[in-house]
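Undergrad: This is the structure I have questions about; it appears just below.
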Amino acid sequence: ALVAIEGPSGSGRTCLLLALTGRMRTTEGHARTGGLRLPRQAAAVRGIAALGPVPGVSELDPAFTVAEHLNERALLQGRYGASLRT
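Just so you know, the UniProt record's numbering puts 62 at position 62 of the sequence shown, and the rest follows in order with no gaps.
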């Protein structure tokens, strides 16, 4: 399935997708992806779910600062625990 999330800057689109694909730990609540419960079965969800940019949709958002763009890219690449400097 292909899922698109739409909303204004800062509304939590990236966090929602990262949480639903088991790539970001939530602080409360739970959800199901493919019949697997999150966050308990996050490792299994990572095996069946993927995130990726869509050409023409992942352009820079003029409302974001440079730091916000770098942080979002790091989150999408699964580097949220690492330093943004490489």
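C-beta: ideal position from N, C-alpha, C; glycine also. Computed from a predicted model, the values in this text were never measured in an experiment.
Based on the DSSP secondary-structure assignment, which residues constitute the bridge partners of Leu38?
TA: The sequence position of residue 38 within the sequence shown is 38, counting from 1. Its beta-bridge partners are Ala31.
Undergrad: May I ask which residues mark the beginning and end of the alpha helix (DSSP H) holding Val66?
TA: Within the sequence shown, residue 66 is the residue found at index 66, counting from 1. That run of the alpha helix (DSSP H) goes 66 to 76.
Undergrad: Using 8 Å as the threshold, is the region 8 to 23 in touch with the region 40 to 47, meaning 3 or more CB pairs across them?
TA: Segments in contact, yes.
Undergrad: With distance defined between alpha-carbon atoms, name the residue in Val3, Ala4, Pro8 nearest to Phe64.
TA: On the sequence shown, position 64 is the one that residue 64 refers to. Comparing Cα-Cα distances from Phe64 to each of Val3, Ala4, Pro8, the minimum goes to Pro8.
Undergrad: Secondary structure at Thr26, three-state DSSP: helix, strand or coil?
TA: Counting from 1 along the sequence shown, the entry for residue 26 is found at position 26. Thr26 falls in the coil class under three-state DSSP.
Undergrad: Give the single residue among Gln77, Thr33, Leu38 whose Cα lies nearest to the Cα of Ala49.
TA: Here residue 49 is taken as the residue at index 49 of the sequence shown, counted from 1. Ranking Gln77, Thr33, Leu38 by Cα distance to Ala49 puts Thr33 first.
Undergrad: Can you find the residues in the same chain that come closer than 6 Å, C-beta to C-beta, to Glu72, ignoring five residues on each side of it along the sequence?
TA: Position 72 of the sequence shown holds residue 72. Once the five neighbours on either side are set aside, the close Cβ partners of Glu72 are Thr14.
Undergrad: From which residue to which residue does the alpha helix (DSSP H) around Leu51 run?
TA: On the sequence shown, position 51 is the one that residue 51 refers to. Leu51 -> no alpha helix (DSSP H), and no H or E assigned at all.
Undergrad: Specify the secondary structure class of Thr14 as computed by DSSP and reduced to three states.
TA: The residue you call residue 14 lines up with position 14 of the sequence shown. In this structure, Thr14 counts as helix in the three-state DSSP scheme.
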